[in-house]
Amino acid sequence: YPRRAQASGAWWEAARRREAERADEAAARDYERATGPAERTKALYALGRLRERLGMSAKARAAYEALKGASPKDDPARLAGLLRLGLLLELAGAPRDAAPLYAEILRESPRGSARFETARERLEALTGGKELLGRAASGAP
Numbered sequence: 656y657p658r659r660a661q662a663s664g665a666w667w668e669a670a671r672r673r674e675a676e677r678a679d680e681a682a683a684r685d686y687e688r689a690t691g692p693a694e695r696t697k698a699l700y701a702l703g704r705l706r707e708r709l710g711m712s713a714k715a716r717a718a719y720e721a722l723k724g725a726s727p728k729d730d731p732a733r734l735a736g737l738l739r740l741g742l743l744l745e746l747a748g749a750p751r752d753a754a755p756l757y758a759e760i761l762r763e764s765p766r767g768s769a770r771f772e773t774a775r776e777r778l779e780a781l782t783g784g785k786e787l788l789g790r791a792a793s794g795a796p
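Note that the working numbering has the sequence shown beginning at 656, numbered continuously upward.
In structure tokens, the structure reads:
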């Protein structure tokens, strides 16, 4: 019954179990089906991590890209996915595309958290200065 409200949660649970059993392709399909409001963000993040582990960086990036529009903006899975996306973009030679992601993580993450510090370090490495860091953390353009 794919249209029932509980279906998304069932797909999420099935995906987690299949991933634990190393049935990776089946897990990926199930994560893609977990589209309910309670599961969508964490399913996209899990799908990205799964695809990264399988060496499918383009598909991982696509899963993480979908997190840009997810709500709430401070969802831990969303921010973790944006951080992974930023790192993948840097590895792909697109650091200018990664910098805005790190700035958003700074705005939405608790100051001093591991995610905040990683984003701060990456942004500092990309910009070579702290002026941009102060603006990014404050939400200024």
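All C-beta atoms, glycine included, are put in the ideal place defined by N, C-alpha and C.
Three-state secondary structure assigned by DSSP to residue i
| i | result |
| --- | --- |
| Glu694 | coil |
| Pro796 | Confidence in Pro796 is poor, its pLDDT being 45 and thus under 50, which makes the residue's placement too unreliable to answer from. |
| Leu709 | coil |
| Gly724 | helix |
| Gly783 | coil |
For residue i, the first and last residue of its enclosing alpha helix (DSSP H)
| i | result |
| --- | --- |
| Ser712 | Ser712 to Glu720 |
| Glu680 | Asp679 to Arg688 |
| Leu738 | Pro731 to Leu746 |
| Ala670 | Ala662 to Ala675 |
| Ala758 | Pro750 to Glu763 |
| Arg766 | Per DSSP, Arg766 belongs to no alpha helix (DSSP H) and is neither H nor E. |
Burial state of residue i (16 or more Cβ within 10 Å)
| i | result |
| --- | --- |
| Asp685 | buried |
| Ala725 | buried |
| Glu772 | exposed |
| Leu743 | buried |
| Pro796 | Below a pLDDT of 50, predicted positions are generally treated as unreliable, and Pro796, at 45, falls in that range; no measurement from the model is reported. |
| Arg672 | exposed |
**Item:** Three-pair Cβ contact test at 8 Å for the region 764 to 774 versus the region 746 to 755
**Value:** Because the criterion of three Cβ pairs below 8 Å is not met, the region 764 to 774 and the region 746 to 755 do not touch.
**Message:** I'd like to know if the region 688 to 697 and the region 706 to 714 are in contact, where contact means that at least 3 CB-CB pairs between them fall below 8 Å.
**Reply:** No: the two stretches stay apart, fewer than three of their Cβ pairs being nearer than 8 Å.
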